[in-house]
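Engineer:
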Amino acid sequence: MKPRRDAMTRDEAENVALQGLTFIAADPQRLVRFLSLTGLTPNDLKGWGDDPTLAIAVLDYLLSDESLLLVFVTDKGLKPEMVAPAHALLSGGDGRDWHST
131 MKPRRDAMTR
141 DEAENVALQG
151 LTFIAADPQR
161 LVRFLSLTGL
171 TPNDLKGWGD
181 DPTLAIAVLD
191 YLLSDESLLL
201 VFVTDKGLKP
211 EMVAPAHALL
221 SGGDGRDWHS
231 T
């Protein structure tokens, strides 16, 4: 059994968000809806590494729709309980709500 960690790292949180973006971008309807709801443009997405608010917007979007969130985590092989702590960490929290086992 792996030891339990108390906090998600920033790199792990950013990876969850990046996987979220690739999931959203893979489906044109999903992408159009994401851009419409967030007010972002396709050009905004090019600044992924420069603007941490993009990662937060991706996770906000996924967390706002439980069925979409479940499709995302299933598609990417993630645990559903990883997304909210990733969002919290990137939003200025410490990521302590997540435990890796």
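The sequence shown begins at 131 in my numbering and counts up by one. Think of the CB as a built atom: it goes at the ideal place given N, C-alpha and C, for glycine as much as any other residue.
Can you tell me whether residue 149 is buried or exposed, with buried defined as 16 or more other CB within 10 angstroms of its CB?
Structural biologist: Translated into positions along the sequence shown, residue 149 becomes position 19. So residue 149 counts as buried.
Engineer: If contact is defined by three or more beta carbon pairs under 8 Å, each pair taking one atom from either stretch, is the segment 162 to 170 in contact with the segment 208 to 215?
Structural biologist: No, the segment 208 to 215 is not in contact with the segment 162 to 170.
Engineer: Roughly how many angstroms separate the alpha carbons of residue 222 and residue 193, rounded to a whole number?
Structural biologist: As a first step, residue 222 must be located in the sequence shown, where it is residue number 92. As a first step, residue 193 must be located in the sequence shown, where it is residue number 63. If I take the Cα positions, the gap works out to 17 Å.
Engineer: For residue 206, which of helix, strand or coil comes out of DSSP?
Structural biologist: To locate residue 206, count along the sequence shown from 1; it is residue 76. Note: residue 206 maps to helix in three-state DSSP.
Engineer: Report back the beta-carbon spacing between residue 96 and residue 153 to the nearest angstrom; my notes put them in contact at under 8 Å.
Structural biologist: Limits of the chain in this structure are 131 at one end and 231 at the other, which puts residue 96 out of reach.
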